[in-house]
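S.K.: Before I ask anything, here is the structure I am working with.
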Ligand SMILES: NC(=O)c1ccc[n+]([C@@H]2O[C@H](COP(=O)([O-])OP(=O)(O)OC[C@H]3O[C@@H](n4cnc5c(N)ncnc54)[C@H](OP(=O)(O)O)[C@@H]3O)[C@@H](O)[C@H]2O)c1
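In the numbering used here, the protein residues as written are -1 to 259.
Structure (structure tokens):
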């Protein structure tokens, strides 16, 4: 079954800005009437702005939620608010895009990362929350026989390559990606993609250019900016869509924007 075909339930985390916003704006016009979208992030204004750019024939809901503190019950409640029990069976497909994420402290070197609370808070948002949201999503759709499930985890080159001063981010992306690889192995009927979007012109990239502690890494990121070689959100999301449609990956794979499949 082609991704985004039939009547689709689409959930995107971190849809208030950046890559998540562009995913919503690119995927929504491909959906047929009867499909439903749920956009999550903290900034309600940003979510509403995203919603206003989407086709009016779709059912689009927004929920302002802090994913770093939301429990499984909170996430279940949020989904229940917008997804009536008797409507779940109408969907041919359910897709979740785990896009929300943060950088954490990018000034510190590994040797300075001594505070358990800071570690936990970083992992709460970037590792534990997508894992738990995924499990909640599966509780809704996993037992629906006719419903094909697609899971997209927005990962990073940093999941594979160490970058100085980015140890929270690199280790978090690696752990999050491995969770989805294990999930893919355990759930062969679910289609799982770990998509690495390349360097993308968003607020996150600006913050790295400005604040990253290591001078070598800072220089590398600022070169991307100076030479204008970072990608637009549109370019990387178009590639994500192409990867999904062509299906030249094995479920659980890490696929980078620059990979030739
Ligand atoms: N930009 C790049 O070069 C790049 C490269 C590789 C991978 N990525 C990955 O791509 C994804 C999107 O990044 P981006 O560049 O679009 O960054 P961004 O512009 O900073 O967007 C991050 C999104 O995550 C949401 N978010 C952050 N903390 C949250 C929280 N506590 N609760 C709920 N939502 C939260 C933000 O919404 P609110 O602030 O409204 O909550 C926002 O919508 C991230 O996973 C990032 O690691 C980005």
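Where a beta carbon is used, it is the ideal one built from N, C-alpha and C, also for glycine. Predicted model, so just to flag it, every value in this text is computed and none were measured.
1) By the three-class DSSP mapping on this structure, what secondary structure does residue 176 have?
2) Could you say which of 81, 125, 90 and 22 lies nearest to residue 66 if we only look at CA atoms?
3) Report the option in 89, 77 and 50 whose CA atom is closest to the CA atom of residue 29.
4) Span of the beta strand (DSSP E) holding residue 193?
5) With respect to the alpha helix (DSSP H) encompassing residue 72, which residues constitute its N-terminal and C-terminal limits?
6) In the structure shown, what three-state DSSP assignment does residue 93 receive?
7) Put residue 57 into one of helix, strand or coil per three-state DSSP.
8) How many Å lie between residue 7 and residue 141 at the Cα?
9) What's the gap between the Cα of residue 174 and the Cα of residue 32?
10) Do residue 64 and ligand 1 come close, with the Cβ less than 7 angstroms from some heavy atom?
11) Name the residue from 232, 74, 203 and 110 whose alpha carbon lies nearest to the alpha carbon of residue 222.
12) Using beta-carbon positions only, say whether residue 121 and residue 150 come within less than 8 angstroms of one another.
13) If you draw a straight line from the C-alpha of residue 129 to the C-alpha of residue 63, how long is it?
14) Does the beta-carbon of residue 163, which I'm using as the reference point, lie nearer than 7 angstroms to any heavy atom of ligand 1?
15) Between residue 208 and ligand 1, is there a pair consisting of the residue's CB and a ligand heavy atom that are separated by less than 7 angstroms?
16) Is it buried or exposed for residue 246, if we count other Cβ within 10 angstroms and need 16 for buried?
17) Go ahead and pull the three-state DSSP assignment for residue 148.
18) Which residue from 115, 154 and 143 puts its Cα closest to that of residue 96?
19) Thinking C-alpha only, which one of 219, 167, 105 and 115 is nearest residue 209?
20) Buried or exposed for residue 243, please, with buried defined as at least 16 other CB atoms from any protein chain shown within 10 angstroms of its CB.
21) Can you find the residues in the same chain that come closer than 8 angstroms, C-beta to C-beta, to residue 119, ignoring five residues on each side of it along the sequence?
22) If you run the structure through DSSP and keep just helix, strand and coil, what is residue 106?
23) Excluding the five sequence neighbours on either side, which residues of its own chain have a C-beta within less than 7 angstroms of the C-beta of residue 100, listed in chain order?
24) Any idea if residue -1 is buried or exposed, counting beta-carbon neighbours within 10 angstroms, 16 or more meaning buried?
25) Should the region 3 to 21 be regarded as contacting the region 228 to 240, the criterion being three or more beta carbon pairs within less than 8 angstroms?
26) How about residue 97: is its Cβ closer than 7 angstroms to a heavy atom in ligand 1?
27) Roughly how many angstroms separate the alpha carbons of residue 158 and residue 254, rounded to a whole number?
M.R.: To lay it out plainly:
1) Here residue 176 is taken as the residue at index 178 of the chain shown, counted from 1. Of the three classes helix, strand and coil, the one that applies to residue 176 here is helix, per DSSP.
2) Counting from one through the chain shown, the residue named residue 66 turns up at place 68. With distances taken between Cα atoms, residue 66 lies closest to 125.
3) Taking the chain shown and counting its residues from 1, the one referred to as residue 29 is at position 31. Of the candidates 89, 77 and 50, the one whose C-alpha sits nearest the C-alpha of residue 29 is 89.
4) What you label residue 193 is simply residue 195 of the chain shown in a count that begins at 1. It spans 189 to 194 - the beta strand (DSSP E) in which residue 193 sits, taken as one unbroken run.
5) Taking the chain shown and counting its residues from 1, one reaches residue 72 at position 74. Per DSSP, residue 72 is one residue of the alpha helix (DSSP H) stretching across 70 to 80.
6) Residue numbering aside, residue 93 sits at position 95 when the chain shown is read from its first letter. Residue 93: strand per DSSP, three-state reduction.
7) Reading the chain shown from its first residue, position 59 is the one you call residue 57. Residue state for residue 57 is assigned as strand, using DSSP reduced to three classes.
8) Against the chain shown, residue 7 aligns to sequence position 9. Against the chain shown, residue 141 aligns to sequence position 143. Take the alpha-carbon of residue 7 and the one of residue 141: they are about 15 angstroms apart.
9) The count along the chain shown starts at 1 and reaches residue 174 at position 176. The count along the chain shown starts at 1 and reaches residue 32 at position 34. Going by C-alpha positions, residue 174 is about 32 angstroms away from residue 32.
10) The residue you call residue 64 lines up with position 66 of the chain shown. Yes - ligand 1 has a heavy atom lying nearer than 7 angstroms to the Cβ of residue 64.
11) Here residue 222 refers to the residue found at position 224 when the chain shown is read from its first residue. Just measuring C-alpha positions, the residue of 232, 74, 203 and 110 sitting nearest residue 222 is 203.
12) On the chain shown, position 123 is the one that residue 121 refers to. On the chain shown, position 152 is the one that residue 150 refers to. Their beta carbons are not under 8 angstroms apart, which means residue 121 does not touch residue 150 by this criterion.
13) Locating residue 129 in the chain shown gives position 131, counting from the first residue. Locating residue 63 in the chain shown gives position 65, counting from the first residue. In this structure, the alpha-carbon of residue 129 lies about 16 angstroms from that of residue 63.
14) Counting from 1 along the chain shown, the entry for residue 163 is found at position 165. Not so, every heavy atom of ligand 1 lies at least 7 angstroms from the Cβ.
15) In the chain shown, the residue the question calls residue 208 occupies position 210. Checking every heavy atom of ligand 1 against the Cβ of residue 208, none is found closer than 7 angstroms.
16) Indexing the chain shown from 1 puts residue 246 at position 248. Around the CB of residue 246, fewer than 16 other CB atoms lie within 10 Å, so the residue is classed as exposed.
17) Position 150 of the chain shown, counting from 1, holds the residue named residue 148. Residue 148 falls in the strand class under three-state DSSP.
18) Counted from its first residue, the chain shown places residue 96 at position 98. Of the candidates 115, 154 and 143, the one whose C-alpha sits nearest the C-alpha of residue 96 is 154.
19) As a first step, residue 209 is located in the chain shown; it is residue number 211 there, counting from the start. Closest by alpha carbon: 105.
20) By 1-based counting over the chain shown, the position of residue 243 is 245. Exposed, because fewer than 16 other Cβ atoms sit within 10 Å of the Cβ of residue 243.
21) In the chain shown, residue 119 corresponds to position 121, counting from 1. The answer, listed in chain order, is 66.
22) Here residue 106 refers to the residue found at position 108 of the chain shown. Taken through DSSP and simplified to helix, strand or coil, residue 106 comes out as coil.
23) Locating residue 100 in the chain shown gives position 102, counting from the first residue. Cβ neighbours of residue 100 beyond the five flanking positions: 123 and 124.
24) Along the chain shown, read from residue 1 onward, the residue named residue -1 stands at position 1. Under a 10 Å Cβ-count criterion, residue -1 is classified as exposed, with fewer than 16 other Cβ atoms of the shown protein chains found around its own Cβ.
25) Contact annotation: the region 3 to 21 touches the region 228 to 240, with at least three C-beta pairs closer than 8 angstroms.
26) Here residue 97 corresponds to residue number 99 of the chain shown, with the count starting at 1. Within 7 angstroms of the C-beta of residue 97 there is at least one heavy atom belonging to ligand 1.
27) Here residue 158 is taken as the residue at index 160 of the chain shown, counted from 1. Here residue 254 is taken as the residue at index 256 of the chain shown, counted from 1. If I take the Cα positions, the gap works out to 11 angstroms.
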